[in-house]
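Residue 5 is where the sequence shown starts when you use this note's numbering, and the numbers rise one by one after that.
Written out below as structure tokens is the structure these notes cover.
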Amino acid sequence: MKKILILSICLLMCAKSSLAANIRNPFSKTFDTRSKELRYQYNVLKDDEKKQMEGKLLNRTPSGYMTVQEYEDLSEYKDKSNFEFDVPKIERPSDFKYVPQPLFKIVKYNSPAGSVELTLGKKLFVRKMINAQGIVSPDYSKLVYPAVYYYPDSASVACDLFVIPLLGDENVLNTILKANVANRNPVPILSTDKSIDNFAAFRTLTPVDFSTDGTKLLVKEKLGSSEDGIWETKLYVYDFTNRVSYDLIEIRDAISYFWKEYMDVNLVDKRWDIIPLGFDLNSPNRVVVQAYAYTGSTPVYLGAWSVDYKGEQSRLISFNKSFIPSVSENGLKVVRDGVESYQTVEIQEKFLKQQGKVLEKQKKAEDKEVVKGIKNEYKYNIRVLNSDYKDEYRDYKKLQTLKGSTEGPELEEAYKKYLKDQLAKDIIKTEKQIKQKQKEIDSVDKKLDKLYDKTGESSKSTDNPEESVQNQ
């Protein structure tokens, strides 16, 4: 009986111990869900910072990998007018040692007067659109060029006249060479008829010259057919100040009227045309032209004429063939002026090699600084996370302590008072840290001032290093 009693007591003790083992203390740290939640958030944010740091280190050299957001950012529309372009160069094939690079110079566009013509060639029929020779204004503020279009269905040609603003702080030649159609004004200042009802018809616009002040542009439009030649030449003057164009049809009417009334020759029955020379040297607001009739093997001279830029008053200048009208040459253009010598290319090659070594060292140093900056940023963010986690955990533990002694509205007021007191302590602590950092900065400034006194320099020279180098 005693044995049975002792055995039952032992079984009861074991059952109590196993039951006690399964019961968890609600006040133990392992059961504290809020502290676990704070720790979990801290670890997640810490891992995110580490991944961002590793991503920045990998993306120092861009690769094909990118996120959807990065791809969408790169796919956004970009205004081409803000793009910057370099001076175009002839690419050197890998098996070539030397490829002559052309040299350029700026010359007068309308020289000799009236000689400017479009050169289309076979490229137009292959590409269906080409950009012809442009003209630069006398003040180098804009470049005007014709865009010529070819329509294979009717074998016809049409044209638009566009303006490219020239903006740049470099020398004038480089500014002109860097002009790109991406920077042009989207709306053309002049356009021809683009109908394709006449087979093999062409309508082209050719800038003749700018006025002396660069505010007006003389343009000729040639109408004709590739099968039977030019039909007629029309004249236009575009006023950049008022943004309006004037049709100088009055000059053709005046020439026809004069020859019919005074010479009894009906030019309507004849093949004749005008050749615009440019703006009058003595009267800058008037345009000078020469007229010819093509009735035989030798063209017949119809005289030199002038008309004001609005096409309202025409005048006969001379019937003398040997008379050369005084015409101003204002517009400019860029032409080739030989090529660089081989010796110059060799010197440039040596210089580029030396410069390449310096740039490579500089690139490595800059990359090292970038890596250092990324790691320092990561360390700073981790310190901020640690500080935030400690503050949150501290406030939570204080709340738990207050719950053990108070409850209800008193608990809320006590916790608010604690938060205010703790904020004041944190502010005092931060102010002390700021003062300490300021003392360190002042100490470094004093050391720099002593160094400047020894070398004879001033701290102002470090603000503008270019001036200090020039002074030395």
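Glycine residues also receive a C-beta, built at the ideal position from the N, C-alpha and C atoms.
Along the chain, where does the alpha helix (DSSP H) that runs through residue i open and close?
i: Phe262; result: Glu254 to Tyr266
i: Phe129; result: Lys127 to Arg131
i: Ile193; result: No alpha helix (DSSP H) contains Ile193, which DSSP labels as neither H nor E.
i: Leu181; result: Val176 to Leu181
i: Leu271; result: No alpha helix (DSSP H) holds Leu271; DSSP gives it neither H nor E.
What residues are listed by DSSP as bridge partners for residue i?
i: Leu222; result: Asp213 and Val241
i: Thr208; result: Lys226
i: Val448; result: DSSP, once it has assigned bridges, lists no residue as partnering Val448.
i: Val304; result: Ala297
i: Tyr155; result: Ser160
i: Glu364; result: Note: Glu364 sits in no beta bridge, so no partner.
i: Phe283; result: Val291
i: Ser391; result: None; Ser391 has no bridge partner.
i: Val140; result: Leu147 and Leu336
i: Ile438; result: In DSSP, Ile438 forms no bridge with anything.
Determine the DSSP secondary structure at residue i, reduced to helix, strand or coil.
i: Tyr248; result: Note that residue 248 is Val in the sequence shown, not Tyr. Looking at Val248 - three-state DSSP - the assignment turns out to be strand.
i: Ser199; result: coil
i: Gln294; result: strand
i: Thr65; result: coil
i: Ile134; result: strand
i: Pro150; result: strand
i: Lys93; result: coil
i: Gly118; result: coil
i: Lys402; result: helix
i: Ser79; result: coil
i: Val103; result: coil
i: Ile321; result: strand
i: Asp173; result: coil
i: Tyr456; result: helix
i: Asp371; result: helix
i: Ser39; result: helix
i: Gly59; result: helix
i: Ile378; result: helix
i: Glu236; result: strand
i: Ile278; result: strand
Sort the options by Cα distance to residue i and report the nearest one.
i: Asp257; options: Leu281, Tyr242 and Glu236; result: Glu236
i: Val269; options: Ala297, Ile200, Phe129 and Thr434; result: Ala297
i: Lys372; options: Val304, Asn385 and Leu61; result: Leu61
i: Lys146; options: Val130, Asp157 and Val167; result: Val167
i: Arg340; options: Lys357, Leu181 and Gln56; result: Leu181
i: Tyr144; options: Val338, Phe108, Asp197 and Thr208; result: Val338
i: Lys54; options: Leu403, Ile378 and Glu416; result: Ile378
i: Ala186; options: Asn86, Leu221 and Lys220; result: Asn86
i: Ser310; options: Thr302, Phe283 and Val304; result: Phe283
i: Ser249; options: Lys420, Leu221, Ile321 and Ile259; result: Leu221
i: Val272; options: Ile279, Pro280, Tyr261 and Tyr266; result: Tyr261
i: Glu316; options: Val291, Lys132 and Ser326; result: Val291
i: Ser115; options: Leu306, Val374, Tyr266 and Pro280; result: Pro280
i: Val375; options: Gln45, Lys354, Tyr44 and Thr65; result: Thr65
i: Asp251; options: Thr459, Ser195 and Ala205; result: Ser195
i: Pro104; options: Thr348, Val48 and Lys367; result: Thr348
i: Asn324; options: Val343, Asp243 and Leu306; result: Leu306
i: Val343; options: Glu364, Pro106, Val212 and Ile193; result: Pro106
i: Gly118; options: Val223, Leu320 and Arg275; result: Val223
i: Tyr2; options: Glu231, Asp213, Tyr266 and Glu417; result: Outside the displayed range of the chain (5 to 476) lies residue 2, so it cannot be described from this structure.
i: Val120; options: Asp36, Leu336 and Pro92; result: Leu336
Below 8 Å CB to CB, which residues in the same chain sit around residue i once its five sequence neighbours on both sides are set aside?
i: Leu78; result: Met70
i: Pro288; result: Ser215, Thr216, Asp217 and Ser332
i: Asn26; result: Residue placement at Asn26 cannot be trusted, given a pLDDT of 44 that sits under 50; the coordinates are not used to answer.
i: Asn202; result: Ser158, Ser160 and Ser229
Take residue i and list the residues in its own chain whose beta-carbon comes closer than 6 Å to its own, dropping the five residues that flank it on each side.
i: Asn135; result: Tyr149 and Ala151
i: Thr208; result: Leu122, Cys163 and Lys226
i: Lys264; result: Asn270
i: Pro169; result: Lys146
i: Lys84; result: Ala186
i: Asn189; result: Val167
i: Lys112; result: Glu333
i: Ser447; result: none
Between which two residues does the beta strand (DSSP E) holding residue i run?
i: Asp164; result: Ser160 to Pro169
i: Lys112; result: Pro106 to Lys112
i: Val343; result: Leu336 to Val343
If you drop the 5 nearest sequence neighbours on each side, which residues of the same chain put their C-beta closer than 7 Å to that of residue i?
i: Lys50; result: Ile386 and Leu389
i: Arg38; result: Tyr400
i: Phe129; result: Tyr154
i: Lys198; result: Ala162
i: Val304; result: Tyr296 and Ala297
i: Gln404; result: none
Measuring from the CB of residue i, is there a heavy atom of the ligand NAP at a distance below 8 Å?
i: Trp263; result: For the structure depicted, the ligand NAP is absent and the ligand set is empty, with no information on it obtainable.
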